[in-house]
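Input: a single structure, listed below in structure tokens.
Chains as they are written, first to last, in this note's numbering: chain A, 1 to 14; chain B, 1 to 257.
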């Protein structure tokens, strides 16, 4: 099964 | 004081059409470099980054960096009042709470201005590191759009794989499954019709077609799209905006649960 990844788990807030 | 005059006003109209379904509210940042925006969709799955460089404007005055929060649907409504051949000027005062869009027709005998209230939005800027991608594919934007549309009539997700053979788009749904392979093809009449595959490592990732279809709203901005893929990173679909900059869409992949 797959789940949708989130942008915030790849790019951090600055 | 901010004053940006864009002779090719249709570009701004197209940019808004490309973003408004993905992002509701966003901060436009204006600096000496240019007019830019970075925003995520409400579910934080996709991110859009826009840059219109200052050199691309006929007149570009930005005395100090300004952030202007706007509802993209409202901006789009205003820009629909501009003709495709109109010159668009964006004006704002430092510390003001409004922005003015002015439209001039080519004959210069009709001038319209629309003032819009700015919004105070939380700034959520993300750092996007420079990355070495496993595969970078440049292809006609219309072809990419067609593939995403066709596959979404069969399934909800697409597996995008790049190998030496080419770029493969696969989906499956209740009625069956589908595969579309685009091979490298550089023997074309015009460079923008080519499919060019640069691959350092084979890569295969799964994405929601709904978002890719939304990205293809930028198709009219550029004849080509560049898709960058790496196994540990979101996909990047970049549409270059001639002489001005780019609109880049990032999409987080589906991951093993």
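Heads up, the beta-carbon is just placed ideally off N, CA and C, and yes, glycines get one too.
None of these values were measured; they are calculated from a predicted model.
> Looking at C-alpha atoms only, which residue of 29(B), 19(B), 44(B), 22(B) is the closest neighbour of residue 12(A)?
Replying inline: 44(B)
> Taking the runs of the beta strand (DSSP E) that are 3 residues or longer, which of them lie wholly in the stretch 97-154 of chain B?
Replying inline: 98-104, 111-117, 135-140
> Beta carbon of residue 116(B), beta carbon of residue 72(B): below 7 Å?
Replying inline: no
> Under a three-way DSSP split, which group does residue 179(B) fall into?
Replying inline: strand
>> Measuring straight from C-alpha to C-alpha, what distance separates residue 269(B) and residue 235(B)?
In response: Absent from the model: residue 269(B). The displayed extent of chain B is 1 to 257, so no value can be given.
>> Determine, for residue 44(B), whether the minimum Cβ-Cβ distance to residues of chain A falls below 7 Å.
In response: yes
> Between which two residues does the alpha helix (DSSP H) harbouring residue 5(A) extend?
Replying inline: Where residue 5(A) is concerned, there is no enclosing alpha helix (DSSP H), given that its DSSP letter is neither H nor E.
> Hey, out of 12(B), 39(B), 15(B), whose CA is closest to residue 7(A)'s CA?
Replying inline: 39(B)
> Considering residue 17(B), what are the terminal residues of the alpha helix (DSSP H) in which it resides?
Replying inline: 9-19
> Roughly how far, in whole angstroms, is the beta-carbon of residue 241(B) from the beta-carbon of residue 52(B), given that I think they are within contact range, below 8 Å?
Replying inline: 7 Å
>> Rounding to the nearest angstrom, what Cα-Cα distance links residue 172(B) and residue 54(B) in this structure?
In response: 45 Å
> Start and end of the beta strand (DSSP E) containing residue 172(B)?
Replying inline: 166-173
> Leaving out five residues before and five after residue 21(B) in sequence, what residues of the same chain have Cβ atoms less than 6 Å from its Cβ?
Replying inline: 214
> Over what stretch of residues does the beta strand (DSSP E) that includes residue 73(B) continue unbroken?
Replying inline: Element bounds for residue 73(B): not the beta strand (DSSP E) but the alpha helix (DSSP H), 72-79.
>> Going by DSSP in three states, residue 194(B) sits in which element: helix, strand or coil?
In response: coil
> Got a sec: is the Cβ-Cβ distance from residue 140(B) to anything in chain A below 7 Å?
Replying inline: no
> Counting Cβ pairs, one atom from each stretch, are 3 or more of them under 8 Å apart for the stretch 202-216 of chain B and the stretch 8-16 of chain B?
Replying inline: no
> Interface residues of chain A around residue 127(B) at Cβ under 7 Å?
Replying inline: 11, 12, 14
> Span of the alpha helix (DSSP H) holding residue 210(B)?
Replying inline: 209-215
> Could you check where the beta strand (DSSP E) with residue 219(B) kicks off and where it finishes?
Replying inline: Here residue 219(B) belongs to no beta strand (DSSP E), and DSSP marks it neither H nor E.
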